[in-house]
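Peer 1: Per our numbering, the very first residue in the sequence shown carries number 22; after that it's consecutive. Got a structure for you, written out below as structure tokens; questions coming shortly.
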Amino acid sequence: MSAKQIVRKSDLFNLTGTGPKPAILPMYKDYLPPCNQSCPTGNDIQGFLALVREREFKKAWQKLVINQPMPAIHGRVCYHPCETGCNRVNSDSSVSIQQVERMLGDLALNQNWSYPKITEESGQKVLIIGAGPSGLAAAYHLRLAGHQVEIRDANPIAGGMMNYGIPAYRLPRDILQAEIKMITDMGVKITLNHKVEDVLKEKQDGGFDAVFLAIGAQIGRHLDIPKQDCGPIMEATEFLNLVGNNQPPKLGRRVAVLGGGNTAMDTARVAKRLGAEEAMIIFFSDRNNMTAHEFEAAEAEAEGVKIHWLRNLVSVNGNDYKVEIMALDENGIAQPTGEYEILHADAMVLAIGQDIESQLLSHVSGVTINSDGTVLVNEHMMTDYEGLFAGGDMVPSSRSVTISTGHGKKAARNIDAWLRGGTYISEEKHQVVTYDMLQLWYQIDSDRSLVHEIDVAERVKDFTEVVQGISQEQAVYEATRCYSCGNCFECDGCYGACPEEGAILKLGKGNRYKFDYDKCTGCQACMNQCPCHAIDMLPVTNTNQKPNNQ
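Structure follows, in structure tokens:
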């Protein structure tokens with residue numbers, strides 16, 4: 022049978038009715054949208070956007086926090102890879118998913134919405150070490166599963182690097198603490214100023230059934246270079262920690278920051294807000310090779326931070342910083358040129374990476390600890406020690422609030438399964454729907470909503486939040502821009518295009534449609550009219566004239 026053949030040839034000797042029998046028939050099929058695939062927490066982005074579109078804001082928030090319990094936080098600090106994956110970027114610009122998430126998170130705080138009440142206790146206890154995003158997310162999901170959860174953290178304030186690493190102009194502390202309180206209101210206990218020295222002793226003394234290690238990377242790396250009669254030199258983690266504790270250090274009029282990541286950009290911007298007249302960043306490679314996100318560098322430059330690209334620090338003598346000029350080779354790798362120049366600064370902050378403090382594991386046998394303090398875990402987030410799990414910065418991975426939050430969710434599901442004597446098996450993901458699979462009837466340029474930001478001249482004066490978010494009306498508009506890639510949104514396109522009366526049945530709002538295969542001729546009109554590619558044409562079986570996987 023030809024791949025292009027629409028109907029089978031009629032069998033004149035074995036007729037069971039009139040008309041041709043179709044060789045292919047339509048089937049509604051749910052694909053995985055690229056925004057969901059790109060989200061480290063596995064958010065059902067289409068789901069909550071559809072509810073926002075209907076102005077069902079509380080239901081949208083409830084849909085959102087199924088996977089990610091801190092939308093007001095992530096709506097501010099997430100680097101929104103979902104928007105990079107959004108198919109709409111091929112038409113005009115991506116849906117402003119992060120800002121919709123922020124609107125829902127802020128609305129939940131303003132309206133005092135709460136997470137579900139726990140109706141059934143499991144009788145088992147889990148210790149979480151670290152009150153950062155991974156630990157908080159794990160606590161949320163484990164508490165929902167009915168377990169007693171306690172988080173222990175060495176710092177006086179919960180939040181981990183969200184409190185001690187992310188500046189308040191990006192994440193206001195009242196927002197951070199408000200969403201943390203929503204988690205403690207579920208019955209999660211947080212014990213602060215409690216540094217765990219021996220994890221096994223802590224587990225045994227507290228009668229815990231499992232432990233999740235979620236310690237953040239808070240040990241700054243050092244740099245071994247010649248220094249003589251120089252001003253203050255400190256690590257970015259220490260610097261930001263002091264600022265987070267309202268104990269900002271005095272670094273002088275000119276501050277140099279060494280590094281090319283997001284922490285370096287934040288450090289320089291914080292230095293400006295603390296009164297530095299000059300804040301510079303020294304980075305050994307070029308803009309394309311920095312680990313910081315482009316918008317972070319652009320915002321730093323807009324605020325007056327000078328970035329010295331392709332400069333490698335060689336030595337410090339007083340206020341003179343000797344740097345070697347670098348050049349890219351044919352492979353794009355920075356190489357020394359033998360040429361030097363002098364930059365001037367009163368102090369330097371090192372933002373060249375962070376390691377994990379893994380001393381608490383010194384009494385645990387069998388756990389593999391890497392040179393940077395991270396530990397190896399299996400596919401279930403468990404270390405080689407039974408019942409000891411780890412995630413977030415504790416495991417080898419890219420580091421961000423959202424990735425750590427995703428680790429917390431994954432670990433919680435695996436811990437819950439292990440506590441119940443089973444093994445967590447994640448659902449098989451559907452095929453990702455790409456832009457070329459869509460069948461858009463027409464395209465209209467409808468750019469994303471403008472997000473108001475405080476003017477540069479004003480923002481550097483203090484730590485007032487820079488990005489102001491979007492309104493409910495803007496959020497509804499953004500939700501309408503979603504293509505609903507790969508999933509039916511009940512546009513009636515298939516229903517209106519079908520030439521056979523009764524072949525497509527409406528099942529009511531929210532229930533989509535159903536095919537009546539006794540009336541369908543396999544003409545493909547429904548599939549060709551479906552803008553989001555929610556319908557596939559599949560071969561029929563010989564026995565019941567239905568798609569072979571229907």
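We treat Cβ as the ideally placed atom computed from N, Cα and C, and that holds for glycine. Just so we're clear, the structure is a prediction, and the values are computed from it rather than from any experiment.
With G126 and G181 assumed to form a contact (beta carbons below 8 Å), what rounded beta-carbon distance in angstroms separates them?
Peer 2: Here the question's residue 126 lines up with position 105 in the sequence shown. Here the question's residue 181 lines up with position 160 in the sequence shown. Not confirmed; about 18 Å, so no contact.
Peer 1: Answer with buried or exposed for D367, where buried requires no fewer than 16 other C-beta atoms within 10 angstroms of its C-beta.
Peer 2: Walking along the sequence shown from the start, residue 367 turns up at place 346. Result: buried.
Peer 1: Taking the straight line between their C-alpha atoms, what separation do you get for A355 and P417?
Peer 2: Within the sequence shown, numbered from 1, the residue matching residue 355 stands at position 334. Within the sequence shown, numbered from 1, the residue matching residue 417 stands at position 396. If you take the alpha carbons of A355 and P417, they lie about 26 Å apart.
Peer 1: Can the beta-carbon of Q239 be found closer than 7 Å to that of T212?
Peer 2: Taking the first residue of the sequence shown as position 1, residue 239 is located at position 218. Taking the first residue of the sequence shown as position 1, residue 212 is located at position 191. It is not a contact, given that the beta carbons lie outside the stated cut-off.
Peer 1: Is it true that the region 157-173 meets the region 443-461, where meeting means three or more beta-carbon pairs spaced less than 8 Å apart?
Peer 2: Not touching, per the Cβ criterion.
Peer 1: Here's the rule I'm using: 16 or more other beta-carbon atoms within 10 Å means buried, otherwise exposed. How should E13 be labelled?
Peer 2: Since the first residue of the chain shown is 22 and the last is 571, residue 13 is not available in this structure.
Peer 1: Check whether the region 370-388 touches the region 269-284, taking contact to mean three or more Cβ pairs, one atom from each stretch, closer than 8 Å.
Peer 2: The region 370-388 is in contact with the region 269-284.
Peer 1: Apart from the five residues on each side of it in sequence, which residues of its chain come closer than 7 Å, Cβ to Cβ, to F229?
Peer 2: Here residue 229 refers to the residue found at position 208 when the sequence shown is read from its first residue. Closer than 7 Å at Cβ, skipping near neighbours: K146, V147 and L148.
Peer 1: Assess contact between the region 496-513 and the region 65-76, defined as three or more Cβ pairs (one per stretch) separated by less than 8 Å. Is contact present?
Peer 2: Contact holds: three or more Cβ-Cβ distances are below 8 Å.
Peer 1: Counting only runs that start and end within the region 256-331, where is the alpha helix (DSSP H) found for 4 or more residues in a row?
Peer 2: If we require 4 residues or more, the alpha helix (DSSP H) runs fully inside the region 256-331 come out as 257-265, 283-294 and 315-323.
Peer 1: Does S392 pass the burial test, meaning 16 or more other C-beta atoms within 10 Å, or should it be called exposed?
Peer 2: By 1-based counting over the sequence shown, the position of residue 392 is 371. Label assigned to S392: exposed.
Peer 1: Can you give the beta carbon distance from F69 to F233, rounded, assuming they're within the 8 Å contact cut?
Peer 2: As a first step, residue 69 must be located in the sequence shown, where it is residue number 48. As a first step, residue 233 must be located in the sequence shown, where it is residue number 212. Not a contact, Cβ separation roughly 27 Å.
Peer 1: If you drop the 5 nearest sequence neighbours on each side, which residues of the same chain put their C-beta closer than 8 Å to that of L349?
Peer 2: Here residue 349 refers to the residue found at position 328 of the sequence shown. The residues are S306, D307, L331, A355 and Q356.
Peer 1: What residue does the alpha helix (DSSP H) around K79 start on, and which one ends it?
Peer 2: Here residue 79 is taken as the residue at index 58 of the sequence shown, counted from 1. Segment F78 to L85, the alpha helix (DSSP H) holding K79.
Peer 1: Spatial neighbours of Q489 within its chain, please: CB distance less than 8 Å, with the 5 preceding and 5 following residues excluded, ordered by chain position.
Peer 2: The residue given as residue 489 occupies position 468 in the sequence shown. Taken in chain order, the residues that qualify are V472, H473, E474 and I475.
Peer 1: Identify which residue in G529, R469, T455 and Q493 has its Cα closest to the Cα of A58.
Peer 2: As a first step, residue 58 is located in the sequence shown; it is residue number 37 there, counting from the start. For the record, residue 58 in the displayed sequence is Gln; it is not Ala. It is T455.
Peer 1: Note the first and the last residue of the continuous alpha helix (DSSP H) segment covering D127.
Peer 2: On the sequence shown, residue 127 is found 106 positions in, with the first residue counted as 1. Run containing D127: I118 to N131, per the alpha helix (DSSP H) assignment.
Peer 1: Could you have a look at L157 and say whether DSSP puts it in helix, strand or coil?
Peer 2: The count along the sequence shown starts at 1 and reaches residue 157 at position 136. Of the three classes helix, strand and coil, the one that applies to L157 here is helix, per DSSP.
Peer 1: If you run the structure through DSSP and keep just helix, strand and coil, what is M369?
Peer 2: Reading the sequence shown from its first residue, position 348 is the one you call residue 369. Of the three classes helix, strand and coil, the one that applies to M369 here is strand, per DSSP.
Peer 1: Output the residue ranges of the alpha helix (DSSP H) runs that lie fully inside the region 382-451 and measure 4 residues or longer, sorted by chain position.
Peer 2: DSSP runs (the alpha helix (DSSP H)) wholly in the region 382-451: 422-440.
Peer 1: With a CB to CB cut of under 6 Å and the five nearest residues on each side skipped, what residues in its chain are close to T389?
Peer 2: Residue 389 sits at position 368 when you count from the first residue of the sequence shown. So the list reads L397, once near-sequence residues are dropped.
Peer 1: If contacts are defined as beta-carbon pairs under 8 Å, then S112 and E104 qualify, I think. What distance do you get, rounded to the angstrom?
Peer 2: Taking the first residue of the sequence shown as 1, we reach residue 112 at position 91. Taking the first residue of the sequence shown as 1, we reach residue 104 at position 83. Not a contact, Cβ separation roughly 14 Å.
Peer 1: So, with DSSP's three-state summary, where would you put I236?
Peer 2: The count along the sequence shown starts at 1 and reaches residue 236 at position 215. Three-state DSSP puts I236 in coil, outside helix and strand.
Peer 1: Counting only the same chain and skipping the five closest in sequence on each side, list residues whose C-beta sits under 7 Å from that of A524.
Peer 2: Translated into the one-based positions of the sequence shown, residue 524 becomes position 503. Taken in chain order, the residues that qualify are F536, D537, K540 and C541.
Peer 1: Leaving out five residues before and five after A189 in sequence, what residues of the same chain have Cβ atoms less than 6 Å from its Cβ?
Peer 2: Position 168 of the sequence shown, counted from the start, is the residue given in the question as residue 189. Closer than 6 Å at Cβ, skipping near neighbours: F484.
Peer 1: Enumerated in chain order, which unbroken segments of the alpha helix (DSSP H) with a length of 4 residues or greater are wholly contained in the region 190-227?
Peer 2: DSSP runs (the alpha helix (DSSP H)) wholly in the region 190-227: 194-205 and 220-227.
Peer 1: Please classify T62 as buried or exposed, where buried requires at least 16 neighbouring CB atoms within 10 angstroms.
Peer 2: Working through the sequence shown from its first residue, we reach residue 62 at position 41. Its Cβ being crowded by 16 or more others within 10 Å, T62 is buried.
Peer 1: Quick check on the DSSP output: the alpha helix (DSSP H) that includes L72 runs from which residue to which?
Peer 2: Reading the sequence shown from its first residue, position 51 is the one you call residue 72. Per DSSP, L72 belongs to the alpha helix (DSSP H) from I66 to R74.
Peer 1: Go ahead and pull the three-state DSSP assignment for R48.
Peer 2: In the sequence shown, the residue the question calls residue 48 occupies position 27. Sequence inspection shows Met at residue 48; the Arg mentioned does not correspond to that position. M48 falls in the strand class under three-state DSSP.
Peer 1: Out of C107, A199, S470 and E77, which one is the CA nearest neighbour of N131?
Peer 2: To locate residue 131, count along the sequence shown from 1; it is residue 110. Ranking C107, A199, S470 and E77 by Cα distance to N131 puts A199 first.
Peer 1: What is the rounded straight-line gap between the Cα of G227 and the Cα of E171?
Peer 2: Numbered from 1 along the sequence shown, position 206 holds the residue referred to as residue 227. Numbered from 1 along the sequence shown, position 150 holds the residue referred to as residue 171. Rounded to the nearest angstrom, the two C-alpha atoms are 10 Å apart.
Peer 1: Can you give me the Cβ contacts of S143 inside the same chain, cut-off strictly under 6 Å, excluding the 5 residues immediately before and after it?
Peer 2: Along the sequence shown, one-based indexing puts residue 143 at 122. Closer than 6 Å at Cβ, skipping near neighbours: G167 and H168.
Peer 1: So what does D557 bridge to, in DSSP terms?
Peer 2: In the sequence shown, residue 557 corresponds to position 536, counting from 1. Partner(s): M48.
Peer 1: Just curious, the alpha helix (DSSP H) that Q58 is in, first and last residue?
Peer 2: Indexing the sequence shown from 1 puts residue 58 at position 37. P55 to S59 is the span of the alpha helix (DSSP H), which, as asked, contains Q58.
Peer 1: In three-state terms, what does DSSP make of N532?
Peer 2: On the sequence shown, residue 532 is found 511 positions in, with the first residue counted as 1. Residue state, collapsed to three classes: coil.
Peer 1: If the criterion is Cβ atoms closer than 7 Å, does the pair A432 and A159 meet it?
Peer 2: As a first step, residue 432 must be located in the sequence shown, where it is residue number 411. As a first step, residue 159 must be located in the sequence shown, where it is residue number 138. Yes. Within cutoff.
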